[in-house]
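Working notes, structure below.
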Amino acid sequence: MAGFDCRNKNTVNEKYLCRSCNLLLRDPVQLLCGHRFCQACIDSQQMILDCIQCHEKTNKSEMFLDRGVVKDMTKLNIWCFSCQWTGEFENYENHLTMKHSNRFVNGNVKNNAFSQIRQLIQNVDECQKKFRMMMEMSERILSQTSPDKTSIEEQNAPDERLAQQENCIASHDGTLLWTIDNVSSRLNGNNDSVLTSPPFYTSSSGYKMCARIYLNGNNIDQSTYASIFLIIMHDNCNAILKWPFDFQVIFCLYNLNDTKKHIIESFRTDIKSRSFQRPLSEMNIGSGIPKFFSSSIIQQENSPYVCNDSIYIKIMVTENSIPVSILPKIMSIDPALPVYIQQEMIQKETEKYNMQPCQLKLTLKLRQICNK
Numbered sequence: 001m002a003g004f005d006c007r008n009k010n011t012v013n014e015k016y017l018c019r020s021c022n023l024l025l026r027d028p029v030q031l032l033c034g035h036r037f038c039q040a041c042i043d044s045q046q047m048i049l050d051c052i053q054c055h056e057k058t059n060k061s062e063m064f065l066d067r068g069v070v071k072d073m074t075k076l077n078i079w080c081f082s083c084q085w086t087g088e089f090e091n092y093e094n095h096l097t098m099k100h101s102n103r104f105v106n107g108n109v110k111n112n113a114f115s116q117i118r119q120l121i122q123n124v125d126e127c128q129k130k131f132r133m134m135m136e137m138s139e140r141i142l143s144q145t146s147p148d149k150t151s152i153e154e155q156n157a158p159d160e161r162l163a164q165q166e167n168c169i170a171s172h173d174g175t176l177l178w179t180i181d182n183v184s185s186r187l188n189g190n191n192d193s194v195l196t197s198p199p200f201y202t203s204s205s206g207y208k209m210c211a212r213i214y215l216n217g218n219n220i221d222q223s224t225y226a227s228i229f230l231i232i233m234h235d236n237c238n239a240i241l242k243w244p245f246d247f248q249v250i251f252c253l254y255n256l257n258d259t260k261k262h263i264i265e266s267f268r269t270d271i272k273s274r275s276f277q278r279p280l281s282e283m284n285i286g287s288g289i290p291k292f293f294s295s296s297i298i299q300q301e302n303s304p305y306v307c308n309d310s311i312y313i314k315i316m317v318t319e320n321s322i323p324v325s326i327l328p329k330i331m332s333i334d335p336a337l338p339v340y341i342q343q344e345m346i347q348k349e350t351e352k353y354n355m356q357p358c359q360l361k362l363t364l365k366l367r368q369i370c371n372k
């Protein structure tokens with residue numbers, strides 16, 4: 001489904017218009033060049049996108065949902081293209097659904113069906129190419145493998161399996177402690193400043209995710225801020241999981257001197273966004289915080305956020321929302337503690353916070369009784 005049409009489109013800032021369909025953005029995604037498109041307008045395209053505006057190429061895995069633009073558009077004044085209704089953009093889709101759905105539903109269903117068919121055909125072609133490449137690689141490896149090499153591999157296998165098990169145990173509880181090294185080099189452009197974390201999971205059979213950070217920002221307007229996004233990934237267990245992905249996502253940049261000065265951002269996933277539907281490819285488009293922290297704070301000499309040219313970011317995904325006001329306490333829990341103890345501490349802090357209104361009411365009631 002393409003963007004939203006309206007009668008006053010010519011008066012709307014062009015940054016809110018899709019570069020493909022030239023309509024108001026629907027589920028806006030941003031390419032590396034900074035230009036924005038409706039997600040549906042690029043779903044059927046190849047994995048490597050050629051921006052029709054500037055022709056800069058972007059891999060689909062590097063696109064992200066532009067939450068900042070979504071928020072900015074909510075208060076746009078819109079004139080309905082099909083009747084005399086006017087109002088804010090955040091109410092426009094509901095108006096179209098209530099008043100004009102019969103007129104456009106058949107076209108929308110057809111467009112969605114064609115888009116899904118094109119995507120499936122593309123996925124099949126890509127899988128076939130990957131399968132052929134893997135088969136060719138396997139044949140080359142097998143032809144070069146000697147009995148001595150096989151023996152060495154068998155000797156190393158237990159150590160490798162142990163390392164894999166340790167990584168799995170550390171990353172199957174909905175949290176990831178991500179160490180990013182060579183920060184100064186990455187910020188100075190001598191190394192890649194766009195990084196993708198190792199995958200992690202909500203549970204042993206749960207959702208597979210990763211994070212992506214842009215240390216120099218994700219476009220020109222935000223080059224002074226680091227941007228961070230959560231990406232839902234394809235996994236064999238996805239078929240039995242509940243969709244859409246409905247969780248609270250928390251990002252924390254550790255202050256290594258003062259736990260009260262951790263930089264913490266959080267959001268509840270938008271279950272209507274395609275970023276949190278079941279993945280149709282290896283990765284969904286990321287969604288997160290375009291302005292996570294100012295890049296300058298990790299460039300300062302003796303920065304409290306940097307140790308040995310590395311920064312430490314914790315990512316937590318939780319089904320039960322944690323109140324924002326207690327997140328500093330939650331992020332200060334010692335990560336060396338066993339996971340079950342950390343979870344108990346989080347639960348106690350949340351229950352304590354939820355009890356505060358009841359305690360306040362009880363105090364006021366006692367005061368009223370005493371005054372009588």
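The opening position of the sequence shown corresponds to residue 1 in the working numbering, with each subsequent residue numbered one higher. Idealized CB from N, CA, C, for every residue including glycine.
- Under the three-state reduction of DSSP, Q299 is assigned to coil, being neither helix nor strand.
- Relative to Y305, the option among H262, L230 and E319 whose CA is nearest is H262.
- CA-to-CA, the gap between I298 and Y214 works out to about 14 Å.
- When DSSP assignments are scanned along the region 51-98, the uninterrupted stretches of beta strand (DSSP E) that are 3 or more residues long and fall wholly within it turn out to be 57-59, 77-79 and 86-88.
- The shortest C-alpha to C-alpha distance from L25 to any of N302, D72, Q46 and N59 is the one to D72.
- A residue is called buried when at least 16 other Cβ atoms come within 10 angstroms of its Cβ; N188 does not meet this threshold and is exposed.
- The residue from N320, K352 and D309 with its alpha-carbon nearest to that of K329 is K352.
- In this model, F293 and S203 are separated by some 29 Å (Cα to Cα).
- Bounds of the alpha helix (DSSP H) holding P328 are L327 to M331.
- In the structure shown, F267 adopts extended strand secondary structure according to DSSP, grouped into three states.
- The bridge partners DSSP lists for W178 are I313.
- A Cβ-Cβ distance of about 5 Å is found for the pair I333 and M345, placing them in contact under the 8 Å criterion.
- Remark: three or more beta-carbon pairs, one from each stretch, lie closer than 8 Å, so the region 224-241 and the region 276-287 are flagged as touching.
- Contact between the region 259-279 and the region 15-23 is absent, with fewer than three C-beta pairs closer than 8 Å.
- As a beta-bridge residue in DSSP terms, V29 pairs with F37 and L65.
- Apart from sequence neighbours up to five positions away, the residues of its chain that approach Y92 with a beta-carbon distance below 7 Å are F4 and I78, ordered along the chain.
- Between the alpha carbons of V324 and T11 lies a gap of roughly 38 Å.
- R186 carries a helical assignment under DSSP once its states are collapsed to helix, strand and coil.
- Of the residues assessed, Y254 falls on the buried side of the cut-off, its CB having 16 or more other CB atoms within 10 angstroms.
- CA-CA distance, I180 to K57, rounds to 26 Å.
- Under the DSSP assignment, G3 falls outside any beta strand (DSSP E); it carries neither an H nor an E label.
- Rounded to whole angstroms, the separation of the alpha carbons of S197 and E136 is 29 Å.
- Boundaries of the beta strand (DSSP E) harbouring F293: S287 to S294, taken from the DSSP string.
- Contact between the region 265-272 and the region 244-254 is present, with at least three C-beta pairs closer than 8 Å.
- Judged by DSSP in its simplified three-state form, Y207 adopts coil rather than helix or strand.
- Rounded to whole angstroms, the separation of the alpha carbons of T350 and F131 is 48 Å.
- No Cβ-Cβ contact shorter than 8 Å links G217 with Y207.
- Taken through DSSP and simplified to helix, strand or coil, C127 comes out as helix.
- For F89, the closest of L31, I341 and R7 by C-alpha to C-alpha distance is R7.
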